[in-house]
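Take this note's numbering: the final residue in the sequence shown is number 177, and no numbers are missing along the way.
Please read the structure below before turning to the comments.
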Amino acid sequence: MAEIYDITRRRVQQLVKEYRKTGDVPKLRKNRRPRTYLTKEEKEMIDKVWNETKRGARLLYHELRTRGYKIPYNKIHAYLKQTGRTRPNPRKQKKRKRCRYEREHSGSLLHGDWHRTTENHPYAIVWLDDASRKILSGGEYNNATAEHSIETFRKAQSEALGYNVVIREVNTDRG
């Protein structure tokens, strides 16, 4: 469906959700700001500065600003792509991987982490099994200390033993 109408899958999901919620087909708002395009003068200025400097969109943006032209960076980049003056960088195209461990078996890795929402809130530590994502223990303290970590870890160990699980490895952010 998304390919037919040249929109993203996420947009299709949003439209379906809106339809199910209201029962009406979603309509575009007419009061939104119309899209602006580069003028001939702006394109000529981009061409001129690019021929002088041979820089990318980011540096061209700053150079154009010093010359009195306020052209958005994304429009400069799109124009350079359209005219074939930029190459896509494959390292910037790949999806970023999140650091996740996710073991298969419960007890193979226990993950512990300290957290503090603001200066006024106490420190909180939580120990969770990486495979099942079950919280085995936790606590709130005024200070994040090794003693509190060990105390809550021992509670997590005894909780795991209640499920006949022996913890094999432990991972914390601070070693």
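Every residue gets a Cβ at the ideal spot worked out from N, C-alpha and C, and that includes glycine.
When you compare the CB positions of residue i and residue j, do they come within less than 9 Å of one another, or not?
| i | j | result |
| --- | --- | --- |
| A73 | L66 | Inspection of the sequence shows that residue 73 is occupied by Ile rather than by Ala. Contact: yes. |
| A133 | S108 | yes |
| E44 | Y71 | yes |
| Y125 | E149 | no |
| H79 | T88 | yes |
| D175 | W116 | yes |
Would you mind sorting residue i into buried or exposed? The rule is 16 or more other CB atoms within 10 Å of its CB.
| i | result |
| --- | --- |
| V18 | exposed |
| Y21 | exposed |
| A59 | buried |
| V51 | buried |
| M47 | buried |
| L138 | buried |
| A162 | buried |
| G177 | Legend: pLDDT at G177 = 44, less than 50; position of this residue unreliable, value from coordinates given subsequently. When all chains shown are included, G177 counts as exposed. |
Rounded to whole angstroms, how far is the Cβ of residue i from the Cβ of residue j, which I believe are closer than 8 Å?
| i | j | result |
| --- | --- | --- |
| K97 | L40 | Contact doesn't hold; Cβ gap of about 30 Å is too wide. |
> How do the region 105-113 and the region 154-169 stand: do at least 3 beta-carbon pairs fall below 8 Å, yes or no?
Replying inline: yes
> Are the region 151-158 and the region 122-131 touching, with three or more C-beta to C-beta distances below 8 Å?
Replying inline: yes
>> For a minimum of 3 consecutive residues, which ranges assigned as the beta strand (DSSP E) are wholly contained in the region 126-157?
In response: 137-143
> If you scan the region 9-76 from start to end, which runs of the alpha helix (DSSP H) of 4 or more residues do you find wholly inside it?
Replying inline: 11-24, 42-55 and 59-68
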